[in-house]
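Peer 1:
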Amino acid sequence: MTAAQVIFLITAVLTLGAGVYVVAARNLVHAALALIAAFFGVAVLFVLLQAGFLAAVQVVLYIGAIAILIIFAIMLTRRVMEDTGPQTNRQWWLAGIIALVLFGAIVFSLRLVPALQGVTAAAQPIPTDTIEKLGFAFVDPNQYLLPFELASVLLLVALIGSIVISADRK
Amino acid sequence: MDVGTLISNPVVAIREWLAQLLSNLGLAPQAADVILMILGILVIASVSLILPLFLIWFERRVVARMQDRIGPNRVGPQGLLQTIADAVKLLIKEDITPIGADKLVYNLAPILSVIAVISMWAVIPYAATMVGTTLNVGALYLVSVGSLGTLAIMMGGWSSNNKYALLGAFRTVAQLVSYEAPLLLSLLVPVILARSMDLNTIVRAQNVWFIVAAPIAALIFFVTSVAEVGRTPFDLLEAESEIVAGFHIEYTGMKFGMFFVAEFLHAFTVGALTAVLFLGGWRGPGAEQAPILGVGYFMLKAFAGYFVVILMRSALPRIRIDHMLDLNWKFLVPLALAVIVFTVLGDKVIGEAGITSPWARSGLLFLVNLVLAGLVYAVLSGAARRQRAEEAAGQAHDGQGALAEAAAHGEAGPHAAPAH
Amino acid sequence: MVPLSWYLALAAALFCVGLYGVLARKNAVAILMSIELMLNAVNINLVAFWHYLTPQVPSGQMFTIIVLTVAAAEAAVGLALIISIYRRRSTVVAEEIDLMKW
Chain A
2 MTAAQVIFLI TAVLTLGAGV YVVAARNLVH AALALIAAFF GVAVLFVLLQ AGFLAAVQVV
62 LYIGAIAILI IFAIMLTRRV MEDTGPQTNR QWWLAGIIAL VLFGAIVFSL RLVPALQGVT
122 AAAQPIPTDT IEKLGFAFVD PNQYLLPFEL ASVLLLVALI GSIVISADRK
Chain B
1339 MDVGTLISNP VVAIREWLAQ LLSNLGLAPQ AADVILMILG ILVIASVSLI LPLFLIWFER
1399 RVVARMQDRI GPNRVGPQGL LQTIADAVKL LIKEDITPIG ADKLVYNLAP ILSVIAVISM
1459 WAVIPYAATM VGTTLNVGAL YLVSVGSLGT LAIMMGGWSS NNKYALLGAF RTVAQLVSYE
1519 APLLLSLLVP VILARSMDLN TIVRAQNVWF IVAAPIAALI FFVTSVAEVG RTPFDLLEAE
1579 SEIVAGFHIE YTGMKFGMFF VAEFLHAFTV GALTAVLFLG GWRGPGAEQA PILGVGYFML
1639 KAFAGYFVVI LMRSALPRIR IDHMLDLNWK FLVPLALAVI VFTVLGDKVI GEAGITSPWA
1699 RSGLLFLVNL VLAGLVYAVL SGAARRQRAE EAAGQAHDGQ GALAEAAAHG EAGPHAAPAH
Chain C
81 MVPLSWYLAL AAALFCVGLY GVLARKNAVA ILMSIELMLN AVNINLVAFW HYLTPQVPSG
141 QMFTIIVLTV AAAEAAVGLA LIISIYRRRS TVVAEEIDLM KW
């Protein structure tokens, strides 16, 4: 077992454990902190996959913005330090079965695809100028200019929309 | 070993000597690399942690001078050991965890706040050859690590089970998260000018300091960074006259000390980052040949920045919370966006025109910044004049209108605070 | 080196954990958190495929960035909705927000 595999396994176990804690925890703030741990684990996986830019963006966006917003919302929507009753609804067992079946189905179908078997290293060397390529692809009309602009418009709409929704109407 | 290299370039010389020593001991090259990395981490972390001992003394002396006092001068020469005495005092204090506090989160928060600040020093280049690690996303890494500090403050404020601490946490979200927007935007300007996010490359690209080519961005970066630290005039998170001590009200002993150290180190980091991004970092005469000189230049510039932070702290009153949010969203963010647009367009035009001399390029970009500053001034003074005219018209119309307006203003204050 | 299938299995597991959270949790904020988990699982897949199969083409990273954007927009609007509902009805339990049920 190589060092990369050991690091991957440790990260994977931590990420998955944090993920399970997010959906199982009774205390919502603890769940949100576990969510941050899971985000961080995913960022480590990105580093292992040599996508350093995405790892940094993951931390800035998910931990720096989304997780903090979520904690903020939790603080605003429930009284401090209070946990009431079970946190799951009546169909939790059904949900568990669905999730397990889906997991089984995905793993089963993964084994059916021959192209995925035995891929243990990158097909080609990872270019060192990934960020430059990414930047050019974003502004190239033949590549991803339209999705990029659509994403910006989406962000603007979300910005205005969230202000309108949450603003106090007198 | 060459003594000259040891003096002029100590880190690289020692590193090579250690690597040789380890390989002579029969270690595999990878194992030696890992050991050296761990050593490097230890050195950077210890330097960053010892630095505040001096920073706190320095700041107290400067603030004392501003207030016509002498400041700490009893323990050690010129009071230099005062901070150590304070640290010992903090260590022997009782360690209190409030009833109903969330123990895990409560104890994790101060550690995280120190981690966040120390992690920033991993990518800051002390000198040409002295840098923790070269990241091609260094600038982004700084922001991402900085957001962990926000998280630490929120965790501390929430887990203390104290209303004031919670208010501090709410203010943290309002302030730190919103000031991250102009911080990131102004950080983009040196990145655009240097065509790289790696901090050492940014320093190398500064044949002319970027503060010449991007003075407005430098100003925005500095102001928003001070807000990120939560220093006066942006110390709304702890505002001792309003919410007692904000997020760290319940912390005692060394846990409080950790928040304290993190704050001082972060304030110094603001100076260091300003030096790296806008003041040419370690650049100076002879710094390429003798990196040890670069460390001196870098520290000098960083302390200059830190000195300005201290001056701001002792000279300015606390900003009101609605003013703080207005300043950010109505002034800094639009201005930062405008700076980016102006810089990109200006840089492109200068490049197309075939001007390659760094001084000419920086000078022209400085002119572009001047034009932008003029525009901003025109817009602001126009708006202020209109507002004054309206107010004058309202007063001339009848006294009651002005009264009603005053009442409305009085009401607007508490509503602007997100905690309500 | 780490086989590609390990990453895919981890992503599948994380996705299913998130799916369970979306279906089983009562609290609307918790449901939102579970959705974020699912989006993260998708991102792992995208980046893993990029790394192992097409490192020369930045498509994988590109889609990841688009997913991140959508996640940010979704979190902002979702939390705004939750806070707005909480103001009107003093609850964030998804089952109790049932005015539109027959």
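Chains as they are written, first to last, in my numbering: chain A, 2 to 171; chain B, 1339 to 1758; chain C, 81 to 182. Positions of the beta carbon are idealized from the N, C-alpha and C atoms, including for glycine.
Spatial neighbours of Leu-55 of chain A within its chain, please: C-beta separation below 6 Å, excluding the five flanking residues on both sides.
Peer 2: Cβ neighbours of Leu-55 of chain A beyond the five flanking positions: Phe-47.
Peer 1: Starting from the C-beta of Glu-154 of chain C, find all residues in its chain whose C-beta is less than 6 Å away, skip the five residues before and the five after it, and write them out in chain order.
Peer 2: none
Peer 1: If I follow the unbroken alpha helix (DSSP H) through Thr-149 of chain C, where does it start and stop?
Peer 2: 139-169
Peer 1: Just to confirm, is the Cβ distance from Ala-1313 of chain B to Pro-1448 of chain B under 9 Å?
Peer 2: Look at the range of chain B in this structure, 1339 to 1758, and you will see that residue 1313 of chain B is not part of it.
Peer 1: Indicate the three-state DSSP secondary structure (helix, strand or coil) for Arg-105 of chain C in the structure shown.
Peer 2: strand
Peer 1: Kindly list, in the order they appear in chain A, the residues whose Cβ is closer than 8 Å to that of Ala-105 of chain C.
Peer 2: Sequence check: residue 105 of chain C is Arg here, not Ala. Going along chain A in sequence order, the residues near Arg-105 of chain C (Cβ under 8 Å) are Val-24, Gln-88, Thr-89 and Asn-90.
Peer 1: Is there at least one Cβ from chain A nearer than 9 Å to Met-142 of chain C's Cβ?
Peer 2: So yes, Met-142 of chain C belongs to the interface.
Peer 1: Roughly how many whole angstroms lie between the Cα atoms of Leu-1486 of chain B and Val-43 of chain A?
Peer 2: Approximately 16 Å, taken between the alpha carbons.
Peer 1: Using a Cβ-Cβ cut-off of 9 Å, state whether Phe-139 of chain A counts as contacting chain B.
Peer 2: no
Peer 1: Going along chain A, which residues have a C-beta under 7 Å from Thr-1471 of chain B?
Peer 2: What Thr-1471 of chain B touches in chain A: nothing, since even the nearest Cβ is about 11 Å away.
Peer 1: Can you tell me the Cβ-Cβ gap for Ile-1678 of chain B and Leu-1526 of chain B, rounded? I've got them flagged as a contact below 8 Å.
Peer 2: 6 Å
Peer 1: Taking the beta carbon of Asp-1371 of chain B as the centre, do at least 16 other beta carbons fall within 10 Å, making it buried, or is it exposed?
Peer 2: exposed
Peer 1: Going by other Cβ atoms of all chains shown within 10 Å of its Cβ, with 16 needed for buried, is Leu-112 of chain C buried or exposed?
Peer 2: buried
Peer 1: So which residues on chain C does Pro-128 of chain A lean against when the C-beta distance must stay under 7 Å?
Peer 2: Pro-135 and Gln-136
Peer 1: Which one of C:Tyr-87, C:Val-173, C:Pro-83 and C:Arg-167 has the shortest CA to CA distance from Asn-123 of chain C?
Peer 2: C:Tyr-87
Peer 1: Round the Cβ separation of Phe-1641 of chain B and Gly-1609 of chain B to the nearest angstrom and send it over; I've been treating them as touching at under 8 Å.
Peer 2: 7 Å
Peer 1: I want to verify the contact list: residues of chain A whose CB lies under 8 Å from the CB of Val-127 of chain C, in sequence order.
Peer 2: Leu-46, Phe-47, Leu-50, Ala-52 and Leu-55
Peer 1: If you pair each beta-carbon of the region 1590-1605 of chain B with each one of the region 1512-1527 of chain B, do three or more pairs fall below 8 Å?
Peer 2: The region 1590-1605 of chain B is not in contact with the region 1512-1527 of chain B.
Peer 1: Our contact map puts Val-109 of chain C next to Ala-74 of chain A with C-beta atoms below 8 Å; I'd like the distance itself, whole angstroms only.
Peer 2: 5 Å
Peer 1: Indicate the three-state DSSP secondary structure (helix, strand or coil) for Val-173 of chain C in the structure shown.
Peer 2: strand
Peer 1: Which word fits Ile-1558 of chain B, buried or exposed, when buried means at least 16 other C-beta atoms lie within 10 angstroms of its C-beta?
Peer 2: buried
Peer 1: My output table needs one value for Val-1469 of chain B: the three-state DSSP class, helix, strand or coil.
Peer 2: strand
Peer 1: Taking DSSP as the reference, what is the three-state secondary structure of Pro-1629 of chain B?
Peer 2: Secondary structure of Pro-1629 of chain B (DSSP, three-state): helix.
Peer 1: Any heavy atom of the ligand GDP closer than 8 Å to the Cβ of Glu-1566 of chain B?
Peer 2: The ligand GDP is absent from the structure shown, which contains no ligand whatsoever.
Peer 1: Short of 7 Å in beta carbon distance, which residues of its chain neighbour Ala-1402 of chain B, apart from the five on each side in sequence? Order them along the chain.
Peer 2: Ile-1408 and Gly-1409
Peer 1: Is any beta-carbon of chain A found at less than 9 Å from that of Ile-124 of chain C?
Peer 2: Cβ-Cβ to chain A under 9 Å: yes for Ile-124 of chain C.
Peer 1: Which word fits Asn-1707 of chain B, buried or exposed, when buried means at least 16 other C-beta atoms lie within 10 angstroms of its C-beta?
Peer 2: buried
Peer 1: Nearest to Ala-1674 of chain B by alpha carbon, out of B:Glu-1397, B:Val-1561 and B:Gly-1364?
Peer 2: B:Val-1561
Peer 1: When we look at the beta-carbon of Gln-1420 of chain B and count the other beta-carbons within 10 Å, is it buried (16 or more) or exposed?
Peer 2: buried
Peer 1: When the Cα atoms are used, what is the spatial distance from Val-81 of chain A to Gly-140 of chain C?
Peer 2: With a pLDDT of only 42 at Val-81 of chain A, under the threshold of 50, the placement of this residue in the model should not be trusted, and no figure is reported.
Peer 1: State the DSSP-derived secondary structure class of His-1758 of chain B, mapped to helix, strand or coil.
Peer 2: Unreliable placement is indicated for His-1758 of chain B, whose pLDDT of 40 sits below 50; no coordinate value is reported for it.
Peer 1: Quick check: Ser-1498 of chain B and Tyr-1464 of chain B, are their CB atoms within less than 9 Å of each other?
Peer 2: no
Peer 1: For the alpha helix (DSSP H) that contains Pro-148 of chain A, what are its first and last residues?
Peer 2: Counting along the chain, the unbroken alpha helix (DSSP H) around Pro-148 of chain A starts and ends at 146-167.
Peer 1: For the region 7-41 of chain A, which residues have a CB atom closer than 9 Å to at least one CB atom of chain B, in sequence order?
Peer 2: Taking 9 Å as the Cβ-Cβ cut-off against chain B, the residues of the region 7-41 of chain A that qualify are Asn-28, Val-30, His-31, Leu-34 and Ile-37.
Peer 1: Please work out which residues of its chain come closer than 8 Å, Cβ to Cβ, to Ala-1721 of chain B, disregarding the five sequence neighbours upstream and downstream, and give them in chain order.
Peer 2: none
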